[in-house]
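Taken in order, the sequence shown gives residues 0 to 87; the numbers are from numbering that gives the first Met the number 0.
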Amino acid sequence: MTTGLQLGVDKDVLIVPADVVQHGEKGLYVFVVDDQNRAQVRQVKVAHQNTNTAVVSDGLKEGDRVVTSGQFLLQPGSIVSIDTGSGS
Numbered sequence: 000m001t002t003g004l005q006l007g008v009d010k011d012v013l014i015v016p017a018d019v020v021q022h023g024e025k026g027l028y029v030f031v032v033d034d035q036n037r038a039q040v041r042q043v044k045v046a047h048q049n050t051n052t053a054v055v056s057d058g059l060k061e062g063d064r065v066v067t068s069g070q071f072l073l074q075p076g077s078i079v080s081i082d083t084g085s086g087s
């Protein structure tokens, strides 16, 4: 039997993989993909994170497409290839 202790509840936050959060001159950011499949920098605030996930409290909204791999190769405006995971 696994037990746990709930210390609080985060409301109106999004959870992303921790490694998508980048550190820049202006603070934390992620790359999001716009409607034209171009990478854009989005400043974010992270409430807390662990080795696997980051709780983003500001800067993202539900439905934003976040780059989860290859972000080190991107620049703002880069065209992004979307992997749908369909295998084809």
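We put the CB at the ideal spot given by N, CA and C, even for glycine.
Would you call Val79 buried or exposed, if buried means 16 or more other Cβ atoms sit within 10 Å of its Cβ?
Under this definition Val79 is a buried residue.
Shorter than 7 Å, the distance from the beta carbon of Gln42 to the closest heavy atom of the ligand COA, or not?
You won't find the ligand COA in this model; it holds no ligand whatsoever.
For Leu13, which three-state DSSP category applies?
In this structure, DSSP gives Leu13 an extended state, which the three-state scheme calls strand.
Beta-carbon proximity list for Ile14, same chain, < 6 Å, skipping 5 on both sides
In chain order, Thr52 and Val54 place their CB closer than 6 Å to the CB of Ile14, counting only its own chain and leaving out the 5 sequence neighbours on each side.
From the DSSP output, read off the bridge partner residues of Asp57.
Residue pairing for Asp57: DSSP places it in a beta bridge opposite Lys44.
Just list the residues that DSSP pairs Val32 with in beta bridges.
DSSP, once it has assigned bridges, lists Ala38 and Arg64 as partnering Val32.
Identify whether Leu27 lies in helix, strand or coil by the three-state DSSP scheme.
Note: Leu27 maps to strand in three-state DSSP.
So, using beta-carbon positions, are Gly76 and Ala38 closer together than 8 Å?
Between Gly76 and Ala38, the gap from beta carbon to beta carbon is short of 8 Å.
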